[in-house]
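J.: In the numbering used here, the protein residues as written are 1039 to 1177. Ideal placement from N, C-alpha and C gives every residue a C-beta, glycine not left out. The structure's right below; bear with me while I get my questions together.
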């Protein structure tokens, strides 16, 4: 998810089934770094086509999610219009595309002064979720 950072150090014990699943899904990935995301999943950070990605797999090697940052200029017009109408004066700090088995969404972090929000939009630009970001969430 957006603005989450792994607190775990790199661990060379990535299960073979996870590495194999990753290699099959991303055969052209470069500079792959693995972290144990939590007790049940691994995250690979890597470069693909010159862009930075992260992808998560469970311990059985099942793909869970892939995220990559995008520029604000790459957001659909419908999302830009919602930002202009409902978040006037807010700056987009971060924008990502998040792909999961159940669909793809845009995840944004926006801020104005001390006020920060995480916004989730579907691919058609419909706002699905709006969550306040507390300072503690930004580790």
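Tell me which residues share the same chain as residue 1171 and place their Cβ nearer than 7 angstroms to its Cβ, disregarding the 5 neighbours each side in the sequence.
T.: 1041, 1147, 1154, 1155, 1156
J.: Report the three-state DSSP secondary structure of residue 1071 (helix, strand or coil).
T.: strand
J.: I'd like the list of long-range same chain contacts for residue 1161, defined as Cβ closer than 6 angstroms, with 5 residues on each side in sequence excluded.
T.: 1142
J.: Checking 7 angstroms against the spacing of the C-beta atoms, do residue 1095 and residue 1059 come in under that value?
T.: yes
J.: Using the C-alpha atoms, what's the distance from residue 1104 back to residue 1097?
T.: 16 angstroms
J.: Check the C-beta distance from residue 1128 over to residue 1145 and give it rounded, since I have them as a contact under 8 angstroms.
T.: Incorrect: roughly 15 angstroms between the Cβ atoms, too far for contact.
J.: Relative to the alpha-carbon of residue 1061, which residue among 1076, 1086, 1077 has its alpha-carbon at the smallest distance?
T.: 1086
J.: Could you tell me the alpha carbon to alpha carbon distance between residue 1073 and residue 1082, rounded to whole angstroms?
T.: 7 angstroms
J.: Would residue 1163 and residue 1116 be called neighbours here (beta carbons separated by less than 7 angstroms)?
T.: yes
J.: Taking residue 1121 as part of the alpha helix (DSSP H), name the residues at either end of that continuous run.
T.: 1115-1124
J.: So what does DSSP say about residue 1079, is it helix, strand or coil?
T.: Annotated three-state conformation of residue 1079 is strand, per DSSP.
J.: Helix, strand or coil for residue 1052, going by three-state DSSP, please let me know.
T.: coil
J.: Is the distance from the Cβ of residue 1055 to the Cβ of residue 1099 below 7 angstroms?
T.: yes
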